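Trainee: If you read the protein sequences in the order shown, they are chains C and Y. The numbering of the first sequence is this note's numbering, which starts it at 13 and goes up by one. The numbering of the second sequence is this note's numbering, which starts it at 81 and goes up by one.
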Amino acid sequence: MPRLTIDDLKQLRDRTASTLALRAGVSRARVTVHMGTCGIAAGARDVMAALLAAIEQQGLTDVVVTTSGCAGLCSREPMATVEVRSEAPVKYVNLTPEKMAQVVRQHIVGGNAVMDIALAAGCETTG
Amino acid sequence: MAFRSHVLVCAGTGCVSCGSFDLGSAIEREIARKGLAAEVQVLRTGCQGFCAAGPVLIVQPDEVFYCGLKTSDVAVLVEEHLLKGRPVAKLMYKPAATHAPIPTLSQIPFFAKQRLVVLRNRGLIDPEQIGDYVARDGYLALAKALSEMTAEQILQEIKLSGLRGRGGGGFPAGIKWATCRQAAIHRGVDPVIVCNADEGDPGAFMDRSIIESDPHAVIEGMVIGARAIGAKQGFVYIRHEYPIARERLAKALDQAREYGLLGTGILGTAFDFDIGVVQGAGAFVCGESTALMASLEGKVGEPRAKYIHTVEYGYKNQPTNLNNVETWANVPLIIHRGAAWFTSMGTGDVSDNPWNGSSGTKVFSLVGKVNNTGLIEVPMGISLREIIFDIGGGIPNNRKFKAVQTGGPSGGCLPETHLDMPVDFDSLTAAGSMMGSGGMIVMDDQTCMVDVARYFISFLTEESCGKCTPCREGLRCSLDVLTRITEGKGEEADLALLDEMGGVMQDTCLCALGTSAPNPVVSTVRYFRDEYVAHIRDHTCPAGVCKALITYSIDQATCDGCHACVTACPNGAITGQVKYPHLLDQGLCIKCGACLDACKRDAVLRA
Chain C
13 MPRLTIDDLK QLRDRTASTL ALRAGVSRAR VTVHMGTCGI AAGARDVMAA
63 LLAAIEQQGL TDVVVTTSGC AGLCSREPMA TVEVRSEAPV KYVNLTPEKM
113 AQVVRQHIVG GNAVMDIALA AGCETTG
Chain Y
81 MAFRSHVLVC AGTGCVSCGS FDLGSAIERE IARKGLAAEV QVLRTGCQGF
131 CAAGPVLIVQ PDEVFYCGLK TSDVAVLVEE HLLKGRPVAK LMYKPAATHA
181 PIPTLSQIPF FAKQRLVVLR NRGLIDPEQI GDYVARDGYL ALAKALSEMT
231 AEQILQEIKL SGLRGRGGGG FPAGIKWATC RQAAIHRGVD PVIVCNADEG
281 DPGAFMDRSI IESDPHAVIE GMVIGARAIG AKQGFVYIRH EYPIARERLA
331 KALDQAREYG LLGTGILGTA FDFDIGVVQG AGAFVCGEST ALMASLEGKV
381 GEPRAKYIHT VEYGYKNQPT NLNNVETWAN VPLIIHRGAA WFTSMGTGDV
431 SDNPWNGSSG TKVFSLVGKV NNTGLIEVPM GISLREIIFD IGGGIPNNRK
481 FKAVQTGGPS GGCLPETHLD MPVDFDSLTA AGSMMGSGGM IVMDDQTCMV
531 DVARYFISFL TEESCGKCTP CREGLRCSLD VLTRITEGKG EEADLALLDE
581 MGGVMQDTCL CALGTSAPNP VVSTVRYFRD EYVAHIRDHT CPAGVCKALI
631 TYSIDQATCD GCHACVTACP NGAITGQVKY PHLLDQGLCI KCGACLDACK
681 RDAVLRA
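#1: Shortest alpha-carbon distance to Y/Glu143 belongs to which of Y/Val154, Y/Asp287 and Y/His161?
#2: Say whether chain C places a C-beta atom closer than 7 Å to the C-beta of Y/Ala409.
#3: With a threshold of 8 Å, are at least 3 pairs of Cβ atoms found where one atom belongs to the region 205-214 of chain Y and the other to the region 156-172 of chain Y?
#4: Quick test of the definition: if touching needs 3 or more C-beta pairs under 8 Å, does the region 425-434 of chain Y touch the region 298-307 of chain Y?
#5: Buried or exposed for C/His119, please, with buried defined as at least 16 other CB atoms from any protein chain shown within 10 angstroms of its CB.
#6: Count the other CB atoms within 10 Å of the CB of Y/Pro207; is the residue buried (16 or more) or exposed (fewer)?
#7: Our contact map puts Y/Leu676 next to Y/Ser633 with C-beta atoms below 8 Å; I'd like the distance itself, whole angstroms only.
#8: How many Å lie between Y/Leu577 and Y/Cys679 at the Cα?
#9: Does the beta-carbon distance from Y/Ala336 to Y/Pro271 come in below 7 Å?
#10: Under 8 Å, with one C-beta from each stretch per pair, do the region 256-270 of chain Y and the region 379-387 of chain Y reach the 3-pair mark?
#11: Label Y/Lys150 either buried or exposed according to how many other C-beta atoms from any shown protein chain fall within 10 Å of its C-beta, with 16 as the threshold for buried.
#12: Give the interface partners of C/Arg15 over in chain Y, defined as CB-CB distance under 8 Å, in chain order.
#13: Going by C-alpha distance, which of Y/Gly250, Y/Val458 and Y/Lys239 is nearest Y/Gln194?
#14: How many Å lie between Y/Ile290 and Y/Lys379 at the Cα?
#15: Indicate whether Y/Val443 and Y/Val122 have their beta-carbon atoms separated by less than 7 Å.
#16: Where does Y/Met585 land, buried or exposed, given buried means 16+ other C-beta within 10 angstroms?
#17: In three-state terms, what does DSSP make of Y/Gln236?
#18: For Y/Thr453, is the classification buried or exposed, using 16 other Cβ atoms within 10 angstroms of its Cβ as the cut-off for buried?
#19: Contact between the region 177-195 of chain Y and the region 99-116 of chain Y: three or more CB pairs below 8 Å?
#20: Determine the extent of the beta strand (DSSP E) in which Y/Leu523 is found, giving its start and end residues.
#21: Using a Cβ cut-off of 7 Å (strictly closer), state whether C/Ala21 contacts chain Y.
#22: Let me check understanding here. Comparing Cα to Cα, which of Y/Gly667, Y/Thr400 and Y/Ala614 lies closest to Y/Glu567?
#23: Select from the region 219-232 of chain Y all residues with a C-beta closer than 8 Å to any C-beta belonging to chain C, and list them in chain order.
#24: Is Y/Gly512 near Y/Ser445, with beta carbons less than 7 Å apart?
#25: Could you name the residues of the region 204-215 of chain Y whose beta carbon sits closer than 8 Å to any beta carbon of chain C, in the order they occur along the chain?
#26: Since Y/Arg244 and Y/Gly126 should fall inside the 8 Å C-beta cutoff, what is the C-beta to C-beta distance between them, to a whole number of angstroms?
#27: Please report the straight-line C-alpha distance between Y/Thr541 and Y/Arg556, rounded to a whole angstrom.
#28: In terms of residue numbering, what span does the beta strand (DSSP E) encompassing Y/Gln359 cover?
#29: Taking the continuous beta strand (DSSP E) assigned at Y/Leu402, which residues delimit it?
#30: Y/His662: buried (16+ other C-beta within 10 angstroms of its C-beta) or exposed?
#31: Just the Cα atoms here: how many angstroms apart are Y/Pro434 and Y/Cys672?
#32: Closest to C/Thr108 by CA distance: which of C/Glu89, C/Val75 and C/Thr28 is it?
#33: Nearest chain Y C-beta to C/Ile6 closer than 7 Å, yes or no?
#34: Return the bridge partner residues of Y/Ile138 from the DSSP annotation.
#35: Output yes if chain C places a C-beta closer than 7 Å to the C-beta of Y/Lys331; else output no.
#36: Let me check understanding here. Comparing Cα to Cα, which of Y/Asn410, Y/Gly546 and Y/Leu562 lies closest to Y/Arg200?
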């Protein structure tokens, strides 16, 4: 490891700050891949791998990826919910690795939800 | 490939002693077995603070906190939470009162009420990876200090922040630094800086945790201080009993040198400074600054008279600036965020005079009869009640709060009437205790205050270096008196005698070990005089602790002969036939109380 100058230190910080920020939960967007037994059986793990690969490929540093249990619509698994800060969450259904990568490009980077592969935008009401 | 999830396993000494290293390895193996190794990273962090509930871990970015873990919980944790995203309720924290699981850090009162400044990186970084520290703005304060500030400007910023020593003295750091720098210039001699990591107070582990969780915060503070004072050489004097902290510190120093943040030509400037680590050898007195410096020089750890200031003539007669671990760890943030930010926390007004208030935060080790024991950081000025009841979760087993002891063997006990007092340097001192280094011991109605005083005096008697007569003889004699009182052999004149000896020690002892030794006695006599009188005049111990003054017996009317006490008694002191009232032989009874704990009929009496 070469000895740092002040500029080197600042650049190192800039490169790595987002990793620690993500670790602390600070993000612009959150993608939840539903990993109930139904989802896993339908291929959610491959969709997850594709999601992580797409994030890396696009060089995104402000997207939190998490999992949750079955969302309830088992016949349309694999499913993922994309929440971009200050927008309504969008539930995507019948996902494949290719469609997941498309969602990353068009929705998370491009800012436009891919409505033809989405179930709906918005949350179900609870309580 | 970036990880989507981090499992931050606490590897502070507390959790390590409960098996957290094995736990971490088991989690890594299970993650690999489930094919999640590319998605989920396992890191070992320093102490996350909630020591009562260890081993603990946090899953980020979900912020879910798990505690009391065993390796048998690993499979469920990995499958349910890490793979399927369903946090596991049975492994979460459940408060004693409600038993309802609370999933996240920000919802758990123990964490929610704290203000992490010195401990800002705890549980988030791997302390053995300097890259993690840098990613959280580490060493940027040093860069600013070296490139944008003069030594005088750094001194001024520290003075304006009102930072006061966190090791117990509460002396304004800015004034100490400036005096040391001036002495060095005036004498034409290089100054030296020292970090006091001896942490001798029983029950205190703030400094250990700071070094185990975030050693670079201390290193960066020392480099900035060296720049301000003009030192080329620094030492960390760390007690022998802290192996994990020593190891993490050594690794951190090596990594800092590799990066050019320590050593010659720091960050590409002309500034040279390096730090050596010296181990203590098990003496409490070596936490006292002059004794520490003697030990640093390889001499026996004995203090010397304080009219020769160590900032002028210290280690090897060089001007020496000594500060506590926590004091040094505050420095980078003060430089990075400014003195005004630091003074926005705390009490009083330090803008003209650092003695006029207590700015910033304080790290406390909250221990004793309290539900949530552990390591906490709170803003100066928070009340004792909030610390003990909100953060600490109150007294276990529905017992009643009796006293809280702060300041270690140099401090005092405060009763219930003081619970709403703000915690800061001057309020604590005015009440008859002191801030000390941050040990806070909570006591309930089963604690005997006379026994507490005896305990501290007994500790100090062992640790006294013996150099000066008032300390050596005063402590030995005070211990005799207190021991007699706990054995029911106290005399009416004893309280006056303790008072007189205490007065002499306060006036004449060579160092603060001796001059502050009477404090636990003085404060317990002040607030709990009745208890002393009960011991001396009535030969009873109201808390039921002093063995010579308590008697166990079995109530013949209530005992139904269930035999539980006979099984519990380690000395065969109880006899009886099943279903008939039992009998306790006073001659064989060792007053351990096991029968009282075992009896379900309230038939065992203690008087």
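Even glycine gets a Cβ: it sits at the ideal position worked out from N, Cα and C. Just so we're clear, the structure is a prediction, and the values are computed from it rather than from any experiment.
Mentor: Here's the rundown:
#1: Y/His161
#2: no
#3: no
#4: no
#5: buried
#6: buried
#7: About 11 Å separates the two Cβ atoms, so there is no contact after all.
#8: 42 Å
#9: no
#10: no
#11: The residue is exposed, with fewer than 16 neighbouring Cβ atoms inside 10 Å.
#12: Going along chain Y in sequence order, the residues near C/Arg15 (Cβ under 8 Å) are Glu338, Tyr339, Gly340, Gly345 and Gly348.
#13: Y/Val458
#14: 28 Å
#15: No, they are not a contact pair.
#16: buried
#17: helix
#18: buried
#19: Touching, no, given that fewer than three Cβ pairs across the two stretches are closer than 8 Å.
#20: According to the sequence shown, residue 523 of chain Y is Met rather than Leu. Gly519 to Asp524 is the extent of the beta strand (DSSP E) around Y/Met523.
#21: Rather than Ala, the amino acid found at residue 21 of chain C in this sequence is Leu. Closer than 7 Å to some Cβ of chain Y, the Cβ of C/Leu21 qualifies, so yes.
#22: Y/Ala614
#23: Tyr219, Leu220, Ala223, Leu226 and Ser227
#24: no
#25: Leu204, Ile205, Gly211, Asp212, Val214 and Ala215
#26: The Cβ separation is near 25 Å, so there is no contact.
#27: 6 Å
#28: Asp354 to Gln359
#29: Thr400 to Asn404
#30: buried
#31: If you take the alpha carbons of Y/Pro434 and Y/Cys672, they lie about 50 Å apart.
#32: C/Glu89
#33: Here chain C comprises residues numbered 13 to 139, so residue 6 of chain C is not present and cannot be evaluated.
#34: Y/Leu88 and Y/Phe145
#35: No, no contact with chain C.
#36: Ranked by how close their Cα comes to the Cα of Y/Arg200, the residues Y/Asn410, Y/Gly546 and Y/Leu562 have Y/Asn410 in first place.
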